[in-house]
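As structure tokens, the structure follows; a few thoughts come after it.
Number of protein chains: 4
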Amino acid sequence: MTTTLDAPPLDPLLDDIVRTHRPQRESGTVPTHIPSLAAVPFNRFGIAVATVSGEVFTSGDAYVPFSIQSISKVFTLAMALQREGPVSVWSRVLREPSGTAFNSLVQLEVEHGIPRNPFINAGALVVTDHLMKETQDAASALLRFLTEEAGGPGPFIDEAAALTELSNSSRNLALAHFLKDFGNLRQSAESVVENYVRQCSIMMTCEEVAKAALFLARGGIGASGTVLSRSEAKRIGSIMLTCGMYDAAGEFAYRVGLPGKSGVGGGIVVIVPGHCAICVWSPRLDAKGNSLAGSAALADLSDRTGWSVF
Amino acid sequence: MTTTLDAPPLDPLLDDIVRTHRPQRESGTVPTHIPSLAAVPFNRFGIAVATVSGEVFTSGDAYVPFSIQSISKVFTLAMALQREGPVSVWSRVLREPSGTAFNSLVQLEVEHGIPRNPFINAGALVVTDHLMKETQDAASALLRFLTEEAGGPGPFIDEAAALTELSNSSRNLALAHFLKDFGNLRQSAESVVENYVRQCSIMMTCEEVAKAALFLARGGIGASGTVLSRSEAKRIGSIMLTCGMYDAAGEFAYRVGLPGKSGVGGGIVVIVPGHCAICVWSPRLDAKGNSLAGSAALADLSDRTGWSVF
Amino acid sequence: MTTTLDAPPLDPLLDDIVRTHRPQRESGTVPTHIPSLAAVPFNRFGIAVATVSGEVFTSGDAYVPFSIQSISKVFTLAMALQREGPVSVWSRVLREPSGTAFNSLVQLEVEHGIPRNPFINAGALVVTDHLMKETQDAASALLRFLTEEAGGPGPFIDEAAALTELSNSSRNLALAHFLKDFGNLRQSAESVVENYVRQCSIMMTCEEVAKAALFLARGGIGASGTVLSRSEAKRIGSIMLTCGMYDAAGEFAYRVGLPGKSGVGGGIVVIVPGHCAICVWSPRLDAKGNSLAGSAALADLSDRTGWSVF
Amino acid sequence: MTTTLDAPPLDPLLDDIVRTHRPQRESGTVPTHIPSLAAVPFNRFGIAVATVSGEVFTSGDAYVPFSIQSISKVFTLAMALQREGPVSVWSRVLREPSGTAFNSLVQLEVEHGIPRNPFINAGALVVTDHLMKETQDAASALLRFLTEEAGGPGPFIDEAAALTELSNSSRNLALAHFLKDFGNLRQSAESVVENYVRQCSIMMTCEEVAKAALFLARGGIGASGTVLSRSEAKRIGSIMLTCGMYDAAGEFAYRVGLPGKSGVGGGIVVIVPGHCAICVWSPRLDAKGNSLAGSAALADLSDRTGWSVF
């Protein structure tokens, strides 16, 4: 369907969003297992909107690089679908909300090694395993993809942070070995976790993330051509909406009404189908692991613009 | 946002959908605990589309009454929100996908009596308990609501079927007593289950269901005035999309991309926000309890019209 | 094997146990769902030992009636085995420790309606259902059995307490309806729960319980003849040891080393095979629902007498 | 208590047990993840009884070495208690039956990294981690212990089998990394699993296992002095009885009535407190992973001798 936006002008709106939602005092949590994330000042807040017509609107700390963490899962999924095709990808991971924590092993045991969706850690490890079929250095392949879509050399892997995170990866190693035990991992558990952690340690700005995600708002058309078919692009949106916010996907769909994917680095990427991609970032997290200020800002933005898909 | 539909003409399209998807031979299952459902001929297939502009398009068995079963949960939720308000309703039931079967007691135990969402049985029992605050005969109140929205005296409660189903309601009684044990039921377990079963036993045609659900496509505006605020109507859509198809919500979002709610009577109601409400019906079910032919028809319809919200 | 006891003289030993373990100040909990239990003074403490040679040793409040609660499960199991035979009984309930709380519905769902053992509530409901095959008033049948074995008219059903407990039986009703749903209950859920609650509300003294349980220490020989075969009696002992103390069976086996069964009334019955039956009672409970002072006293008694079976 | 045995003479009895229970045709299963075990002829059957008075009775293949597998867990637990003391050991592992499979990760997640008992794999990994405090080569330390208690140089590590098993250890690596994530592993996950697998790969005969376990029947007194206090020895017996047979501990307690520990190599060690240690071996397993013929033989032996502790 064709869409005409009746939204208010974006520049003053984003500025107002920043004014309203930038944290005034320390609240929320930071992930204890990733020291580099704890060091980010609590009052960082940035937002960027990249539209399908090529404009980019930003406000706040939209040009400060942050750790994309699980936002990477959207892009690795797109890459795996592009390279291996949906049949192969969906034979090893489901597309259902999990109803449990993102790093739970329980569901994996009950469902015999088939992760519920590609956005919980177990599913993302399977996706990374797919990418490693082509290259052992899947993290660098992701970096190249992001750099191309973001349209500049900004994104980089914070290798020091990756190393530290790798030394705290017992839970992900447990998941990977468990997948291996069920025969759902081709590469070694250690190498998959290493690539996974390096993918999560990619640093990008709100502006870069919004531009990199634009192909999902544009029916699969990326910076220099088709990334995915229109239908696959839409379907990634559906998975973001049902599974993208850890165990708060329903709440986010209720309050924001848009496909989104969060990371424990405090970033959230959101797609307004046919119109724009949004990235908001603020480091402090709520109890479900999603950016506290970022979620509130997106709910506010959705209310003011009427961008909910519902 | 304003929406212009580029869809093909609906009349021939619906006829073609019926031709393509009406079951040719017996496959799928019927619920064993509700004898009246097993008696429906396997090759029944109907579809109706009610648009926000007031038109209704139908094809196949669109005027044959069927048992709405869990489709009723969308309407009781709307009624509870209308009468008790969101604060009261959402204090007793969550809005998250469950990741488990619709009648599971496990989640309820783990989350101490708060159902994951209003579309699993436990959540629907809590919603019915809300409605009973006003009247002990909540099922008749629902019938009046549906009759008014559907615009005619068609809908009726199949009391004989309800009685039979009630005598096979051990699982729902277990859920209700369990809710009671957690202090999340005000009325007696027995009376809540009785109302719940009678609500599920309401008979309607595809045409009536589509018209009755139209207020959700029309920002909350019903047949004779406001049922819900625009924002509450959108939010019911978000819950349908994330939780409406039992444990296949993700799959349905992926294939159809629209908010939907199914019932074991073989009906599915779907909302195209701002445009129309659809009801499709065919009695045989897939392994997750959703209409086999109905799901396929909706995926096909979504592909051909581009109505996906993503 | 023949057993010779090298234990110290029992009379002074029991007096010392009472002196040491009678609670000096209020600690531990009482079950909130059974008001009559909360009214018992915290410092009640009684102990009785009935030997296979016919002697009975007592100390403390050994002649004060208390609510036997789940201790009744040992006796109803014995009655069901006596009347229906092991094949019938064990076709509907397993003999494995549960690893979950005594009133959990989770295990029942995972194992499709077959309770893990006869001492969790679900299993005891199935056992009561067995007894009701012969008489609808299974609780009175149990009372007759206990009166005969205890050798006097002491035991009685506290009908007022039973009525109150029945009005707080939502969890047990949930379990019973759930069993019914799985086809593992012949009588109505309501009537089984009523009998179950009345069985639990039987009042007995330590002296009476010890005498009533003596047939288990005596290879199945009761007050006036064979209750069970030697092998069935031993096997009830094995189930007590592996499953008799809710989710603390392993801990009790470790500390006491004897087959035991506790009740939330604060009583614990213990069997020293070939030698004696013991009942200890003190109303305040630990976190697992077992008598705080009673457990400690039995560990002490086992250490001092060497009565552990290991 | 002093015990006098009224059992029949052992030599003809054991010969008869072998005649009755040695498998006549192939039935039961072998563990697929350990190729060396699958190669053992299905009709192997051996039994040995070592009495506290120093006699050893044997029959069948009692002098053929087999892979002790999880039987090792009894001995590593004894060694950890001996070296670290009960306070340290029991702060990191519980003593309760698990109610789930021996290699399940579910319980570990629910109970935050504290294994239910030392005989499920997770618990045994924690015990091995204890032993590694003293020496990185905990498997060789266990071998020395077993050699000394068995009274001869027979036991050896099948290093080739260990290597193969190690390459199929994804599940155990998952458990170890999961324990590490919860902070309940001091050594590296990889080194703990390697030691664990080498311990499991120790080869011993029935005669050697029975003699090595004799200290548990003798109140803690081993071949050349005290291994454990009488009370700790009894307590290991209680854990064997409640947790020693995977998820069939209740069934084994019911049928055999003695503390036992099985291994997937087909061996079972059993303690008759104060009297003897028994080892039976036959390679084919039942659905719970316990020796099919071995379990039946022990039930028969217990019936004929009256050795049940109940």
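Residue numbers (my numbering), protein chains in the order written: chain A, 1 to 310; chain B, 1001 to 1310; chain C, 2001 to 2310; chain D, 3001 to 3310. Just so it is clear, CB atoms sit at the ideal spot from N, CA and C, and this is done for glycine as well. As the structure is a computational prediction, the values presented were derived from the model and not from experiment.
Neighbourhood of C:E2096 in chain D, by CB distance below 8 Å: P3097, G3099, D3247, A3248, A3249, G3250, E3251, in chain order.
Exclusion of the five residues before and after D:L3146 leaves F3075, P3155, I3202, M3204, E3208, A3212 as the residues of its chain whose Cβ lies within less than 8 Å of its Cβ. Of the residues A:V272, A:D61, A:G250, A:D129, the one whose Cα lies closest to the Cα of A:M79 is A:D129.
Taking the beta carbon of C:L2241 as reference, the chain D residues within 9 Å of it are S3238, L3241, T3242, A3253, V3309, F3310, listed in sequence order.
Residue state for D:G3265 is assigned as coil, using DSSP reduced to three classes.
By the neighbour-count criterion, in which a residue is buried when 16 or more other Cβ atoms sit within 10 angstroms of its Cβ, A:V49 is buried. Sequence-ordered contacts of the stretch 3059 to 3083 of chain D with chain A are nonexistent [C-beta pairs closer than 7 Å]. With the criterion set as a beta carbon lying under 7 Å from some beta carbon of chain C, the members of the stretch 1163 to 1182 of chain B are S1170, R1171, L1173, A1174, H1177, F1178, K1180, D1181, in sequence order. A direct Cα-Cα distance of roughly 13 Å separates C:P2009 from C:V2056. Assignment of C:F2119 by DSSP, reduced to helix, strand and coil, places it in the coil class. When A:R255, A:Y246, A:G244, A:S229 are compared, the shortest CA-CA separation from B:I1239 is found for A:R255. Rounded to the nearest angstrom, the gap between the Cα atoms of A:A39 and A:G260 is 25 Å. Annotation for A:S36: A161 place their beta carbon closer than 6 Å to its own, counting only its chain and skipping 5 residues before and after. Judged by their CB atoms, C:S2262 and C:G2244 are nearer to each other than the 8 Å cut-off.
Around D:G3257, the beta-carbon contacts reaching into chain C at under 7 Å are K2234, S2238.
Nearest neighbour of B:I1068 by Cα position, chosen from B:P1273, B:R1019, B:L1179, B:C1206, turns out to be B:C1206. D:P3097 counts as buried, since no fewer than 16 other beta carbons sit within 10 angstroms of its beta carbon. Only those residues of the stretch 102 to 128 of chain A whose C-beta falls short of 9 Å from the nearest C-beta of chain B are listed: Q107, R116, N117. Beta-bridge partners of D:C3200 (DSSP): none assigned.
Judged by their CB atoms, A:W281 and A:F66 are nearer to each other than the 8 Å cut-off. Not a single CB atom of chain C sits nearer than 8 Å to the CB of D:P3012. Ranking A:A122, A:I157, A:E109, A:S291 by CA distance to the CA of A:L77 puts A:A122 first. CA-CA distance, D:Y3063 to D:G3046, rounds to 8 Å. Secondary structure of B:W1090 (DSSP, three-state): helix. For C:P2273, a Cβ of chain D is located within less than 8 Å of the residue's own Cβ. A contact between stretches requires three or more CB pairs, one per stretch, nearer than 8 Å, and the stretch 2280 to 2298 of chain C meets this requirement with the stretch 2019 to 2038 of chain C. Inclusion of C:A2248 and C:T2242 in the CB contact set at 8 Å is not warranted, their separation being larger than that value.
For the 8 Å CB-CB criterion, D:V3193 and D:N3172 form a contact. For A:V280, the enclosing beta strand (DSSP E) begins and ends at 276 to 281. Comparing alpha carbon positions, the residue from D:A3150, D:D3011, D:R3083, D:H3177 closest to D:T3135 is D:R3083.
Short of 8 Å from the beta carbon of D:G3219, and not among the five residues preceding or following it, lie these beta carbons of its own chain, in chain order: R3230, A3233, K3234, G3274. Put simply, of C:L2131, C:G2267, C:R2019 the residue whose alpha carbon is nearest the alpha carbon of C:S2070 is C:G2267.
When the five nearest sequence neighbours on each side are left out, the beta carbons in the same chain lying within less than 8 Å of the beta carbon of C:D2300 are those of I2017, T2020, H2021, in order along the chain. According to the DSSP assignment, D:S3027 belongs to no beta strand (DSSP E), since it is labelled neither H nor E. Contact check for B:P1115 and B:V1106: beta-carbon distance about 12 Å, past the 8 Å limit, so the pair fails to qualify. The beta carbon of A:S224 is closer than 7 Å to those of E148 in its chain, skipping five residues each way along the sequence.
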